[in-house]
Amino acid sequence: MSAASYPDSDDQEGSADCGPSARSEPDPAEPPESAEPRFLHQTVMVAEVVHALNPAQGDFFVDATLGGGGHTEAILRASSPAGRVLGLDRDRNALEAARVRLAEFGDRFEAAHARFSDLAEVLRERKLGPVCGILADVGVSSPQIDSSARGFSFSANGPLDMRMDPTQGETAAELIVRLEESELADVLYRFGEERKSRRVARAIKSALQDAPIETTGHLSDIVRRAIGTRRGRIDSATRTFQALRIAVNQELEELEMLLASAPALLRQAGVLCVISFHSLEDRIVKWGFRQDGRLKPLTKKPVTPSEEECVRNRRARSAKLRAALRAPDLIPGTSR
45 MSAASYPDSD DQEGSADCGP SARSEPDPAE PPESAEPRFL HQTVMVAEVV
95 HALNPAQGDF FVDATLGGGG HTEAILRASS PAGRVLGLDR DRNALEAARV
145 RLAEFGDRFE AAHARFSDLA EVLRERKLGP VCGILADVGV SSPQIDSSAR
195 GFSFSANGPL DMRMDPTQGE TAAELIVRLE ESELADVLYR FGEERKSRRV
245 ARAIKSALQD APIETTGHLS DIVRRAIGTR RGRIDSATRT FQALRIAVNQ
295 ELEELEMLLA SAPALLRQAG VLCVISFHSL EDRIVKWGFR QDGRLKPLTK
345 KPVTPSEEEC VRNRRARSAK LRAALRAPDL IPGTSR
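Mapped onto this note's numbering, the consecutive letters of the sequence shown carry residue numbers 45 to 380.
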């Protein structure tokens with residue numbers, strides 16, 4: 045396997061990438077959701093991922109965000125007939141959907157219920173490696189957003205949960221109770237870039253004195269009353285919901301741990317490929333690649349979806365892909 049090279053993207057850093065991001069909320073024109081929809085997910089930037097990883101026959105890859113298995117399927121086909129993929133996901137529904145989708149590949153595919161920070165241990169336990177490429181398509185998936193029972197979205201009322209793994213950890217409803225007002229404001233500002241974070245936190249804590257906040261509809265109403273209606277398409281509650289979701293799932297900490305551990309897991313000339321969906325994630329990836337001497341970024345700027353893909357899948361519009369090569373180890377006595 046050899047790393048592929050990309051032409052530099054002409055898009056500016058931090059641009060909207062084919063228009064305003066629509067990842068956090070579904071298109072109002074989309075069909076109504078069911079309480080427990082099938083795990084249907086439009087995989088983002090498949091061709092670009094395969095180009096970056098450049099799979100060859102017999103290579104072994106890790107898909108650290110398995111989802112519905114779209115990227116893994118493309119990697120398995122490109123590395124046919126002997127390439128292998130280990131897929132990780134926190135969501136058991138995603139794992140089950142991927143197992144069904146990828147059944148034709150037999151033992152070329154393995155699935156693990158795990159998070160980024162578990163990757164090294166999973167590889168060690170299963171005696172898998174060396175790793176030729178690692179992919180992470182970070183953030184929340186469409187099936188998770190579209191299920192009101194998961195509590196990620198305020199487009200339909202549901203329990204205020206937001207956990208990617210609904211069997212573990214603290215829910216968003218529990219988080220807003222546990223945090224002090226100042227701590228909650230800090231979470232909203234840091235993870236949601238909510239400029240009125242103190243006002244929102246004060247309103248949430250005040251409402252909690254009267255009754256528990258247990259549904260997405262209740263919380264979104266509180267936020268809208270606190271800060272009013274914003275101009276444009278972004279709902280006033282969007283930043284608060286993003287912040288709580290990131291905090292509940294420790295998304296940025298998990299991403300930082302993946303960036304720290306991945307280079308040691310990759311073989312020389314292996315590729316780490318990350319797709320992010322908002323500026324907080326992309327900044328972590330950008331600086332993680334630049335500051336780790338074991339990694340050599342393959343692009344100066346992130347690769348973004350084609351206009352055709354953005355039209356076909358609105359939620360792809362904010363995607364940014366960065367890839368880095370595992371540089372050769374230094375010979376003792378030399379310098380980079």
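From the three backbone atoms N, C-alpha and C, an ideal C-beta is built for every residue, glycine too.
These figures come from a predicted structure and were not determined experimentally.
- Distance from the CA of D326 to the CA of K345, rounded to the nearest whole angstrom, comes to 11 Å.
- Per DSSP, the beta-bridge partners of H157 are D133.
- If you draw a straight line from the Cα of R370 to the Cα of R338, it comes to about 6 Å.
- With distances taken between CA atoms, H157 lies nearest to P210 out of G150, R145, P210, A193.
- The segment 350-370 and the segment 299-318 touch, with no fewer than 3 CB-CB distances between them shorter than 8 Å.
- The C-beta separation of L309 from V166 comes to about 10 Å, leaving the pair out of contact by the 8 Å criterion.
- Within the segment 174-208, the alpha helix (DSSP H) runs of at least 4 residues that lie entirely inside it are, in chain order, 186-190.
- Assignment of F104 by DSSP, reduced to helix, strand and coil, places it in the strand class.
- Judged by DSSP in its simplified three-state form, G112 adopts coil rather than helix or strand.
- In the pairwise beta carbon analysis, the segment 284-291 is classified as not touching the segment 139-152: fewer than three pairs are separated by under 8 Å.
- Taking a cut-off of 8 Å on C-beta distances, the segment 345-360 does not touch the segment 215-223, as fewer than three cross pairs fall below it.
- With 16 or more other CB atoms across the displayed protein chains lying within 10 angstroms of its CB, R359 is buried.
- By the neighbour-count criterion, in which a residue is buried when 16 or more other Cβ atoms sit within 10 angstroms of its Cβ, S250 is exposed.
- Collapsing the DSSP output to three states places I319 in a strand.
- Rounded to the nearest angstrom, the Cβ distance from V231 to A291 is 5 Å, consistent with a contact under 8 Å.
- Bridge pairing for T259: P203 [DSSP].
- Sequence-distant partners of D181 (beyond 5 residues in either direction) whose C-beta falls short of 6 Å from its own C-beta, in its chain, are T109, I319.
- Distance check between L324 and each of I257, K240, R234, R239 places R234 closest, using alpha-carbon atoms only.
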